[in-house]
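Enquirer:
Protein chains: 2
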Amino acid sequence: MKLNSEDLKDLALGAAFLGTGGGGDPYVGRLMAQQCLDEGLEIEVIDPSDLDDEAFVIPTAMMGAPTVLVEKIPSGEEAVNSLQVLERHLGRKAQATMPIEIGGINSTIPLVVGARLGLPIVDADGMGRAFPQLEMETFGVYGVSGSPMVVSDEDGDHALIMARDNRDMEWLSRGVAIRMGGCAYIAEYSMSGADVKRTAIPNTLTLAMRIGRTLREAKSRHLNPFEALLELLPKTLYHHGRIIFTGKIADMRRETRNGFSLGHARIDGLGRFSGTMEIEIQNENLIARVGGVVKAIVPDLICIMDSETAEPITTENLRYGQRVSVMAVAVPEIMRTPEALAVFGPSCFGLDHPFVPIETMAL
Amino acid sequence: MKLNSEDLKDLALGAAFLGTGGGGDPYVGRLMAQQCLDEGLEIEVIDPSDLDDEAFVIPTAMMGAPTVLVEKIPSGEEAVNSLQVLERHLGRKAQATMPIEIGGINSTIPLVVGARLGLPIVDADGMGRAFPQLEMETFGVYGVSGSPMVVSDEDGDHALIMARDNRDMEWLSRGVAIRMGGCAYIAEYSMSGADVKRTAIPNTLTLAMRIGRTLREAKSRHLNPFEALLELLPKTLYHHGRIIFTGKIADMRRETRNGFSLGHARIDGLGRFSGTMEIEIQNENLIARVGGVVKAIVPDLICIMDSETAEPITTENLRYGQRVSVMAVAVPEIMRTPEALAVFGPSCFGLDHPFVPIETMAL
C-alpha cells in the first residue's frame, strides 16, 4: 500500500500511543515523511509475508534522548546515509527498510529512508512499542545480530559498530550518539526476509495507522475515543486494553542522564479513581502503581492520554495540572516469552517486580 | 634490521624519554614485544626510504589514559584485530605497520602487530613524542586522513570510525574507548609509502633505541648520562637539549577526567636552580614555568628524569620527594611549522603562550 498524508497523520497519532510516553515526538517524523510526499516521492508499505525469504532488509532509525531531538530536527538524509554506509560495508544492497521501533518518531524514519531510496518499508518492527535501548528488539531475542551497525550524524560522521552482542552494541553506539550531540541516525539488525518473518512483530505500522484512524474517526463522529480504541484492540495482536487510572498530574520530575530521559509522574485520582498513581519513566512509561500496588508493568503498554481528546501525551509534554487517563495494553505474545522478558522485561529496567500480563492483573 | 631483547630494552627506555611523561608505561609494551621474541617471532624494522611509494601502511596503537593501562595489560592481539578489521573494510592488505606515536607504549604496540602478522615496522611515527589526542599527528597536519579508523577492545568489540576530519575522529573514538573500559586498540591513518615519506617523522624508532642505549652505556661506564644524552641529541633531528631544572618534587596532583590524565607537578629547586618549577600535564608534560616564566613549552619535549639514574619518570610514577632533573629538547622542524603548531601547539592545549623553540629561549 502507498501512504498518503492522512495515513501519515494517523500513523503519527498511533505511533505516539504505541510510544508509551517515549520514542520521540512523532510529529517531527510526520513532517519529514510529508516532505517526501510533497516532493512527489512514494511511501510504499509491504506486508512481511510478501518478502522473499532471501530478500535483504536493513532497518533504520534514530537513537538518542527524545528531549534532544525536539531541538535538533533532522533533514531526513542522516538515516539514508547510515543505510548506504552499511550497504557499502556489507557489499550488498537492501531490498527494503523497516522500523526497529513502532513507538514515536522511529515509526516514520524508515518511511523517509524508503521514500528517498525508492525502497518499500516492511510493515513490522522489533519493539512493538518504544524501548530505550537497542538490544531490546525481538530481532535480537530470536537470534538476529544488531551488528554491524552504522551510527551517523548530520555532519557526515559515521561509526560502524561491530559488537560481540547486542548489549555491547547498544553500549558503544550510545557513547557515539552522545558525542554526536545526543541524537544520531542508525542502520542495524540487517537480516533476510525469512528472519523478518521469524523475529519481527508483524503489521505494527498498519496497527499504528488503525489506532490513529480510530481515534480520529471517533473524534469526528463525537464518539468516546477511549471506547473506540478498547473495541479495536481485541481485533489485533494487542488483544487487551483497559483504563487503569484517570486523574490530574500533580507532580512531574524529569532529567536527561547518560543519554536517557528519566522521569517520575504523579497523578491524583479523579472520579471513580481514588488515591495517587505513580509512573516511573526511562524514556518510556515503565511501571504504574497506586498506593504501591502495581497496575501495569513493562513490556505491556502504559499510555498517558489527554482525558478529553484521548491524545497520547509524551513524557516531555507532561505538565502539572493536565487531566489524563492512563490506558494499559497487552503486547503480542512474541514479546512476552521468557527469552523476550530476559531482554526487555521489568528486571532489565531495575524493577523488582515480575511481569504480570495486564489481562490477568486485578482491576 | 631485526630487533633483539637488548634493542627492546633500549627502545623502552628511549620511548619513556620521548613520552615526556605520558604515552603509557613502555615497560608493559616491552614485555609484549619480548613475548613475541620468546615465541620465535621476528621484529623487523625498515627505513621509510625502503618503502615503495605504492606500499600500503596501516599504523597501529593503543588509545586511552595511561593510568588505566597499567591495570589492564593487553594480550597483544587487540591491535592485530584492529589492523585486520581495517584491512577487511578497505579490501586491501597492509605491507607494513608503523607507530603513530613514538613516546611510551605506542612505540612497541606496532612491534607486536608486525611480529604477529609477519609485517615489517616502519622506522617513523606521526607524533615524534607522545600527545594526548589522535588528531595530533604530522600525518594529519600534512593531509592524511585518520579515518577510516578501527577501535577494538579485548572482548572482540570493534568500532569503525569514519569522520569528516581528524578532530571528529578523535572525539568519537575517544567516546568509544572510554566505553571500552578506558583503553582500546586502534588502526588508523592508513596511507601509501609516498605519504609516509612525506608526512611522517623519520627514524624515531631507531632514535628511541639510540637514546636508550646512550643512557644504558653511560650508566655501565659510570659516565654522566645527562651529558651523554646532550651529546647525542645534536646528531639527530632533535637537535638541541638542555637541563632546565633540578630539584625535589614538592607537590603532585593528578586526576583522570574524560579519558585523560590531568596533573600538575611542583618541583622545588636544588643546587644551581632556585625557585620552584611548575609543570602542567595533560597525559604529557605541556609547559614548565619558574616563577611564572616559561622555560619550555609544547611541542618541544619536557622530560622529568631521576636526577641520579637519568631514568625518565612518567606522570603516573611521579612521587613527592623524588629528586629530578628536567630536560627540554627541540623537536624536528616538521613539528614546528605553522600548520603543525595549529594542531598540537600551545593553544591546542588551552595554553595562552606562544610556542618558543627551546634553543632560542633564555636560560
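Chains as they are written, first to last, in the numbering used here: chain P, 1 to 363; chain S, 1001 to 1363. Quick reminder that beta carbons are idealized off the backbone N, C-alpha and C, glycines included. All of these numbers come straight from a predicted model, not from anything done at the bench.
Below 6 Å CB to CB, which residues in the same chain sit around S82 (chain P) once its five sequence neighbours on both sides are set aside?
Expert: Working through the first sequence from its first residue, we reach residue 82 (chain P) at position 82. Correct list, in chain order: V150, S152, Y185, I186, A187.
Enquirer: So if DSSP puts L192 (chain P) in a beta bridge, which residue, or which two residues, is it bridged to?
Expert: Translated into the one-based positions of the first sequence, residue 192 (chain P) becomes position 192. It is worth fixing the name first, because residue 192 (chain P) is Ser in this sequence and not Leu. Its beta-bridge partners are P:F56.
Enquirer: Determine the chain P residues that contact I1186 (chain S) at a beta-carbon separation under 8 Å, and present them in chain order.
Expert: What you label residue 1186 (chain S) is simply residue 186 of the second sequence in a count that begins at 1. Simply none; closest approach about 13 Å.
Enquirer: So, is the C-beta of R164 (chain P) closer than 7 Å to a C-beta in chain S?
Expert: Reading the first sequence from its first residue, position 164 is the one you call residue 164 (chain P). It does; some Cβ of chain S falls within 7 Å.
Enquirer: In angstroms, rounded to a whole number, what distance separates the CA positions of V1298 (chain S) and A1342 (chain S)?
Expert: By 1-based counting over the second sequence, the position of residue 1298 (chain S) is 298. By 1-based counting over the second sequence, the position of residue 1342 (chain S) is 342. Roughly 12 Å between the two C-alpha positions.
Enquirer: Going straight from the alpha carbon of Q1282 (chain S) to that of F1131 (chain S), what length do you get?
Expert: The count along the second sequence starts at 1 and reaches residue 1282 (chain S) at position 282. The count along the second sequence starts at 1 and reaches residue 1131 (chain S) at position 131. Rounded to the nearest angstrom, the two C-alpha atoms are 9 Å apart.
Enquirer: Looking at the structure shown, is Q1084 (chain S) part of a helix, part of a strand, or coil, going by DSSP?
Expert: As a first step, residue 1084 (chain S) must be located in the second sequence, where it is residue number 84. In this structure, Q1084 (chain S) counts as helix in the three-state DSSP scheme.
Enquirer: Taking C-beta pairs closer than 8 Å, name the residues in chain S that L172 (chain P) reaches, listed in chain order.
Expert: Looking up residue 172 (chain P) in the first sequence gives position 172. Within 8 Å Cβ-Cβ: D1157, A1159, V1176, R1179, M1180.
Enquirer: If contacts are defined as beta-carbon pairs under 8 Å, then C36 (chain P) and V112 (chain P) qualify, I think. What distance do you get, rounded to the angstrom?
Expert: Translated into the one-based positions of the first sequence, residue 36 (chain P) becomes position 36. Translated into the one-based positions of the first sequence, residue 112 (chain P) becomes position 112. Indeed, because the Cβ distance is near 6 Å, the residues count as touching under 8 Å.
Enquirer: When Cβ atoms are compared, which residues of the segment 1086-1117 of chain S fall closer than 8 Å to chain P?
Expert: The segment 1086-1117 of chain S vs chain P, Cβ under 8 Å: H1089.
Enquirer: Which residues share a DSSP beta bridge with T1337 (chain S)?
Expert: Counting from one through the second sequence, the residue named residue 1337 (chain S) turns up at place 337. Note: T1337 (chain S) sits in no beta bridge, so no partner.
Enquirer: Kindly give me the distance between the Cβ atoms of L230 (chain P) and G103 (chain P), rounded to whole angstroms, as I take these residues to be in contact under 8 Å.
Expert: Along the first sequence, read from residue 1 onward, the residue named residue 230 (chain P) stands at position 230. Along the first sequence, read from residue 1 onward, the residue named residue 103 (chain P) stands at position 103. Going by Cβ atoms, the distance from L230 (chain P) to G103 (chain P) rounds to 19 Å, so no, they are not a contact pair.
Enquirer: Just to confirm before moving on: does the CB-CB distance between Y320 (chain P) and I249 (chain P) stay below 7 Å?
Expert: Taking the first residue of the first sequence as 1, we reach residue 320 (chain P) at position 320. Taking the first residue of the first sequence as 1, we reach residue 249 (chain P) at position 249. Against a cut-off of 7 Å, the Cβ pair of I249 (chain P) and Y320 (chain P) comes out as a contact.
Enquirer: Assuming D1278 (chain S) and R1266 (chain S) make a contact with CB atoms under 8 Å, what is their CB distance in whole Å?
Expert: One-based indexing of the second sequence puts residue 1278 (chain S) at position 278. One-based indexing of the second sequence puts residue 1266 (chain S) at position 266. One detail in the question is off: residue 1278 (chain S) reads as Glu in this sequence, not Asp. Rounded, the Cβ-Cβ distance is 6 Å, consistent with contact.
Enquirer: Output, in chain order, the set of chain S residues within a Cβ distance shorter than 8 Å of D125 (chain P).
Expert: Within the first sequence, numbered from 1, the residue matching residue 125 (chain P) stands at position 125. Within 8 Å Cβ-Cβ: nothing; D125 (chain P) doesn't reach chain S, min ~25 Å.
Enquirer: Applying a beta-carbon distance threshold of less than 8 Å, which residues of chain P neighbour D1168 (chain S)?
Expert: Taking the second sequence and counting its residues from 1, the one referred to as residue 1168 (chain S) is at position 168. Those within 8 Å of D1168 (chain S) in chain P are D155, D157.
Enquirer: Closest to I1161 (chain S) by C-alpha separation, out of P:R167, P:M180, P:V144, would be which residue?
Expert: Locating residue 1161 (chain S) in the second sequence gives position 161, where the first residue counts as 1. It is P:M180 whose Cα lies nearest to the Cα of I1161 (chain S).
Enquirer: Which residues share a DSSP beta bridge with K248 (chain P)?
Expert: Position 248 of the first sequence, counted from the start, is the residue given in the question as residue 248 (chain P). BP columns for K248 (chain P) point to P:D268, P:R323.
Enquirer: Rounded to a whole number of angstroms, what is the C-alpha to C-alpha distance between P99 (chain P) and M136 (chain P)?
Expert: Within the first sequence, numbered from 1, the residue matching residue 99 (chain P) stands at position 99. Within the first sequence, numbered from 1, the residue matching residue 136 (chain P) stands at position 136. The straight-line gap from Cα to Cα measures roughly 13 Å.
Enquirer: If contacts are defined as beta-carbon pairs under 8 Å, then A1033 (chain S) and L1013 (chain S) qualify, I think. What distance do you get, rounded to the angstrom?
Expert: On the second sequence, residue 1033 (chain S) is found 33 positions in, with the first residue counted as 1. On the second sequence, residue 1013 (chain S) is found 13 positions in, with the first residue counted as 1. With 8 Å as the limit, A1033 (chain S) and L1013 (chain S) do not qualify as a contact, their Cβ atoms being about 13 Å apart.
Enquirer: Out of S:G1128, S:V1080, S:E1217, S:S1145, which one is the CA nearest neighbour of L1119 (chain S)?
Expert: Indexing the second sequence from 1 puts residue 1119 (chain S) at position 119. Here the closest residue by C-alpha is S:V1080.
Enquirer: Using 10 angstroms around the beta-carbon of H1364 (chain S), count the other beta-carbons present and answer buried if the total reaches 16, otherwise exposed.
Expert: No information on residue 1364 (chain S) is available, as it lies outside the stretch 1001 to 1363 that chain S covers here.
Enquirer: Classify R253 (chain P) as buried or exposed, calling it buried when 16 or more other Cβ atoms lie within 10 Å of its own Cβ.
Expert: One-based indexing of the first sequence puts residue 253 (chain P) at position 253. Per the 10 Å Cβ criterion, exposed.
Enquirer: With distances taken Cα to Cα, identify the nearest neighbour of F349 (chain P) among P:F260, P:V57, P:L207.
Expert: By one-based count along the first sequence, residue 349 (chain P) stands at place 349. Comparing Cα positions, the closest option is P:F260.
Enquirer: Would you say A15 (chain P) and A1159 (chain S) are within 7 Å of each other, going by their C-beta atoms?
Expert: Here residue 15 (chain P) refers to the residue found at position 15 when the first sequence is read from its first residue. Here residue 1159 (chain S) refers to the residue found at position 159 when the second sequence is read from its first residue. Against a cut-off of 7 Å, the Cβ pair of A1159 (chain S) and A15 (chain P) comes out as no contact.
Enquirer: Which one of S:D1195, S:L1262, S:P1312 has the shortest CA to CA distance from D1052 (chain S)?
Expert: Taking the first residue of the second sequence as position 1, residue 1052 (chain S) is located at position 52. When only C-alpha atoms are compared, the closest one is S:D1195.
Enquirer: Kindly give me the distance between the Cβ atoms of G271 (chain P) and T246 (chain P), rounded to whole angstroms, as I take these residues to be in contact under 8 Å.
Expert: Taking the first residue of the first sequence as 1, we reach residue 271 (chain P) at position 271. Taking the first residue of the first sequence as 1, we reach residue 246 (chain P) at position 246. Contact holds; Cβ gap of about 6 Å.
Enquirer: Quick one: Cα of L1351 (chain S) to Cα of F1344 (chain S), how far?
Expert: The residue given as residue 1351 (chain S) occupies position 351 in the second sequence. The residue given as residue 1344 (chain S) occupies position 344 in the second sequence. Their backbone Cα atoms lie some 11 Å apart in a straight line.
Enquirer: By a C-beta neighbour count over all protein chains shown, 10 Å radius and 16 as the cutoff for buried, is G128 (chain P) buried or exposed?
Expert: Along the first sequence, read from residue 1 onward, the residue named residue 128 (chain P) stands at position 128. When all chains shown are included, G128 (chain P) counts as buried.
Enquirer: Within 10 angstroms of its Cβ, does K235 (chain P) collect 16 or more other Cβ (buried), or is it exposed?
Expert: Sequence index remark: in the first sequence, residue 235 (chain P) carries index 235 (1-based). Under this definition K235 (chain P) is an exposed residue.
Enquirer: Rounded to whole angstroms, how far is the Cβ of D123 (chain P) from the Cβ of L205 (chain P), which I believe are closer than 8 Å?
Expert: Along the first sequence, read from residue 1 onward, the residue named residue 123 (chain P) stands at position 123. Along the first sequence, read from residue 1 onward, the residue named residue 205 (chain P) stands at position 205. Confirmed, Cβ separation roughly 4 Å.
Enquirer: Measure from the alpha carbon of I302 (chain P) to the alpha carbon of each residue in P:D47, P:Y27, P:I243, P:E101, then state which is nearest.
Expert: To locate residue 302 (chain P), count along the first sequence from 1; it is residue 302. Taking only the C-alpha atoms, the option nearest I302 (chain P) is P:I243.
Enquirer: So the candidates are S:V1324, S:E1054, S:G1292, S:I1201; which of them puts its Cα closest to the Cα of G1126 (chain S)?
Expert: Taking the first residue of the second sequence as 1, we reach residue 1126 (chain S) at position 126. Selected option, being the one with the closest Cα: S:I1201.
Enquirer: I'd like the list of long-range same chain contacts for Q443 (chain P), defined as Cβ closer than 8 Å, with 5 residues on each side in sequence excluded.
Expert: Residue 443 (chain P) falls outside the range modelled here, since chain P spans only 1 to 363, and no answer is possible.
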